[in-house]
Amino acid sequence: MSMTTDMTTEKNRPAAPTTAAQAESETAISMRGVTKIFGENPQRALNMLQEGKSKTEVQAETGNVVGLDNVSLEIGHNQIYVVMGLSGSGKSTLIRHVNRLIEPTSGEIIVGGKDVLKMSLDDLRTFRRTKVAMVFQKFGLLPHRSVLDNVAYGLEVSGVGKKERQEAAAKWIETVGLAGYENSRPQQLSGGQQQRVGLARALALDTDIILMDEAFSALDPLIRSGMQDELINLQKSLHKTILFITHDFDEALKIGDRIAVLKDGAVVQQGKPEDIVLRPANEHIEEFVRDVNKARAIHVRSIMERGATEPCELCVSQDARCEDVLPLFAEHQWVGVTDEAGNQIGRVTAKQVIKALARYTPGVGN
Amino acid sequence: MFPDIIDTRPLRRAIDEGLNWVVANWGTQFEAAAHPLLVLLNLIEKLLVATPWWVIVLVLTAIAWRATRRWPLPAVVAISLLFLGVMDLWRDAMATMALMIAATLTAIIISIPVGVAMSRSVRVRHVLTPILDLMQTLPSFVYLIPTVMIFGPGKIPALIATIVYAAPPLVRLSDLGLRSVDPAVMEASRAFGTTPGQRLMGVQIPLALPTILAGINQTTMMALAMVVIASMIGAGGLGYQVLQGIGRLEVSRGLFAGLGIVVLAIIFDRITQAFGRQLQARIGLVEARP
Ligand SMILES: Nc1ncnc2c1ncn2[C@@H]1O[C@H](COP(=O)(O)OP(=O)(O)O)[C@@H](O)[C@H]1O
Ligand SMILES: [Mg+2]
């Protein structure tokens, strides 16, 4: 993984899993009707929720906090699925259900075809060692161990021999760009470097699924942007399923193949980034959309004009984003759009892009 | 005066008779159970007495160097030990040191598992906290008398009394240290599929070690504070010299032996503290000193 990201790779990134049918038939993670209530009397609170009372009402009457409210998610293989919401909306609670760091009050959680809630403690440990790795907002590194031993930690726990696990760890340290820091202590590194250690530690387990709880939220904006690019590249080369939590809508749009928006523990909308930007489900989401860089969220594919046109001087992939084509209009009236094979399938004009970007800005022009 | 509501005499008689019964029927068993303590204490004492004085000076000075890597502490340690030798307190200082080390070792073996149990269960903590308070505040003579009755005067009751008095801070600080380990680190460890044992040995204890070491430091200090009382029931050493000094009104004898205790306290206090700082720096809780 290099620090510099080239634009082309990002442009060509499939916005959705290449085979949508496969993703629907066998999901990597599926949560069905998961509700979590923190407090003394979860059953009573659960009944109130089912009667349609809100989180605030339940809390006022029973003193119990609703962490998750009837959450159902289907997360396909090989994609970055982002769960976005304000602080306190239940994001951390949600992601901790996937590896059962938190037990739900009710509902069903299937990961890789296995019912997580039916696992014995032993099964659960094996599951955590081999199927899901996790990256944390506060890094959670072991301060008394070197970077190398931190990255090797997951393997050590599973009983992998010293030589083997240290070799594997060294490889992943190199992948995340920390070669040379093997013997440093975590606290000698910057925040961004520490999170690379956290990422390498998760990658070293070689699991299909990686859970990332606000993994980049503690980092400075520039470092953060670089890490986002690297994550996208990593996902493409390693084909992981990544469940990514963030409170930052821009980040969600940038890295998410699919996005779910969480409010008061309930999912208010889920879909592709442009679905959410172009058709926000309610006012709450509209508020997010208002401040966001829409040019980043909207793909050329969804606004282009299809059909035969004259051959183009300049072409972009249908997976390009508006922000990628905008600079091209300085020199051109329109640009051609090509499919994966490189055949021209239509074109997009400056007018169309401007319209798409302007359409949902309330109070202007309409 | 407060009115007599109940007659406490039968209660007191029952307790006294109960103790007498225990002494008569279980005395030998108790003594046998405590025998390993005596073996440990004698072993340490023999070792310290048999070792040439200059070896002990060298070893402790080297440990002090190892703990700080600067010259002031080793110098203080060497001068303090030479002071003990020059003042003709060496033999007694070794006996006191043996008592302190035996009490501290035993306290470590008992207290850390108890601290672990307390850190894991609120109920255990609720039960043990008042007992620890009691152990620290009950005047030591109150439990000294029954221990002497059970074990007879000698080193065993002296050692037990010292342990009872010196162990509580270590239990408390072990519990505190284990509970204050960063929950984010514990959660990360859990997410990687660790067993509770792996978390305890691989994360909690290493990260709690500076706090546990602070507990060990307190235990050594409290053990030294007990030596005069312990010498009343058969432990020799500097405490006995102090006692004799008081008894014979030889102020000088009491003063020198008292200073000897202070000197031992300084040595062990500074060395354990320095190790604690070193450990904290290593796991990044504070900046390492330049
Ligand atoms: N252990 C807990 N006990 C009680 N309430 C909790 C607990 N963990 C989280 N909550 C509550 O659940 C809600 C969701 O929390 P969280 O999942 O941490 O939100 P987010 O990660 O989106 O900021 C919050 O209202 C929080 O106060
Ligand atoms: Mg959170």
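As given, the protein sequences belong to chains A and B, one line each in that order. Position one of the first sequence corresponds to residue 76 (our numbering), numbered consecutively onward. Position one of the second sequence corresponds to residue 4 (our numbering), numbered consecutively onward. Every residue, glycine too, gets a C-beta built ideally from N, C-alpha and C.
{"Query": "Minimum Cβ-Cβ distance from A:L161 to chain B less than 8 Å", "Result": "no"}
{"Query": "Pick from A:S300, A:L294, A:P402, A:K315 that is closest to A:H152, judged by C-alpha positions", "Result": "A:K315"}
{"Query": "Reduced DSSP secondary structure (H/G/I, E/B, other) of A:G114", "Result": "coil"}
{"Query": "Proximity to A:R200 [Cα-Cα], best of A:G138, A:R175, A:R371", "Result": "A:R175"}
{"Query": "Cutoff 8 Å: B:Q201 Cβ touching any chain E Cβ", "Result": "In the structure shown, chain E cannot be found, because the protein chains are A and B."}
{"Query": "A:E338 classed as buried or exposed, judged by whether at least 16 other C-beta atoms fall within 10 angstroms", "Result": "Looking at the sequence provided, one finds Lys at residue 338 of chain A rather than Glu. Flag for A:K338 reads buried."}
{"Query": "Proximity test, Cβ basis, 8 Å: A:E99 and chain B", "Result": "Caution applies to A:E99, whose pLDDT of 42 falls short of 50 and renders its modelled position unreliable; the value that the coordinates give is listed next. No, because no Cβ of chain B sits closer than 8 Å to the Cβ of A:E99."}
{"Query": "Beta-carbon proximity of B:I232 to B:A170, cut-off 8 Å", "Result": "no"}
{"Query": "Heavy atom of ligand 2 within 7 Å of A:D288 beta-carbon", "Result": "yes"}
{"Query": "Partners in chain A for B:P213, counting only beta-carbon separations shorter than 8 Å", "Result": "Per Cβ cutoff of 8 Å: no residues; B:P213 is ~10 Å from chain A at best."}
{"Query": "A:S167 CB to nearest heavy atom of ligand 2 below 7 Å", "Result": "yes"}
{"Query": "Buried or exposed by the 16-neighbour rule on C-beta atoms within 10 Å, applied to B:H38", "Result": "exposed"}
{"Query": "Interface residues of chain A facing B:I286 [CB-CB closer than 7 Å]", "Result": "P218, H219"}
{"Query": "Pair within 8 Å by beta-carbon distance, B:A277 and B:L76", "Result": "yes"}
{"Query": "Cross-strand partners of A:I177 (DSSP beta bridge)", "Result": "Answer by DSSP bridge pairing: none, since A:I177 is not bridged."}
{"Query": "Start-to-end residues for the alpha helix (DSSP H) that takes in A:C387", "Result": "Segment: none, A:C387 is in no alpha helix (DSSP H) and carries neither H nor E."}
{"Query": "Rounded separation between A:R171 and A:K111 - CA only", "Result": "11 Å"}
{"Query": "Any chain B beta carbon closer than 8 Å to A:N174", "Result": "yes"}
{"Query": "Close beta carbons around B:D178, own chain, < 6 Å, minus the five adjacent residues each side", "Result": "G118, M121, S122"}
{"Query": "For A:T316, three-class secondary structure by DSSP", "Result": "strand"}
{"Query": "Entirely enclosed alpha helix (DSSP H) segments - the stretch 70-122 of chain B, minimum 4 residues", "Result": "75-89"}
{"Query": "Per-residue burial, A:Q97 [other beta carbons within 10 Å of its own, 16 or more giving buried]", "Result": "Summary for A:Q97: the model assigns pLDDT 42, below 50, so the residue's position carries little reliability, and this model does not support an answer."}
{"Query": "For A:M209: DSSP bridge partner residues", "Result": "A:L286"}
{"Query": "heavy atom of ligand 1 below 7 Å from A:F211 C-beta", "Result": "no"}
{"Query": "Alpha-carbon to alpha-carbon, B:D91 and B:S83", "Result": "13 Å"}
{"Query": "Within chain A, partners of B:G279 - CB distance below 8 Å", "Result": "The premise fails here: B:G279 is roughly 14 Å from chain A at the closest Cβ pair, so nothing lies under 8 Å."}
{"Query": "Neighbourhood of A:K369 by C-beta distance below 8 Å, restricted to the same chain and skipping five residues each side", "Result": "V352, C397, A431, L432, Y435"}
{"Query": "Proximal residues, the stretch 181-199 of chain B versus chain A, C-beta separation under 7 Å", "Result": "A187, V188, E190, A191, R193, A194, F195, G196, T197, T198"}
{"Query": "Entirely enclosed alpha helix (DSSP H) segments - the stretch 120-196 of chain B, minimum 4 residues", "Result": "125-140, 143-154, 158-182, 186-194"}
{"Query": "CB contact below 8 Å: B:L210 versus chain A", "Result": "yes"}
{"Query": "Closest by C-alpha distance to A:S147, when choosing among A:S221, A:I104, A:V412", "Result": "A:I104"}
{"Query": "Partners in chain A for B:V125, counting only beta-carbon separations shorter than 7 Å", "Result": "Here the premise fails: no neighbours, minimum Cβ distance about 15 Å."}
{"Query": "Beta-bridge partners of A:M159, as assigned by DSSP", "Result": "A:T321, A:V336"}
{"Query": "Local Cβ density within 10 Å of B:F144, reported as buried at 16 or more and exposed below that", "Result": "exposed"}
{"Query": "Contact belief for A:S312 with A:Q212 at Cβ below 8 Å, rounded distance in angstroms", "Result": "Actually they do not touch by this definition, with Cβ atoms about 25 Å apart."}
{"Query": "A:Q345, DSSP secondary structure in three states", "Result": "strand"}
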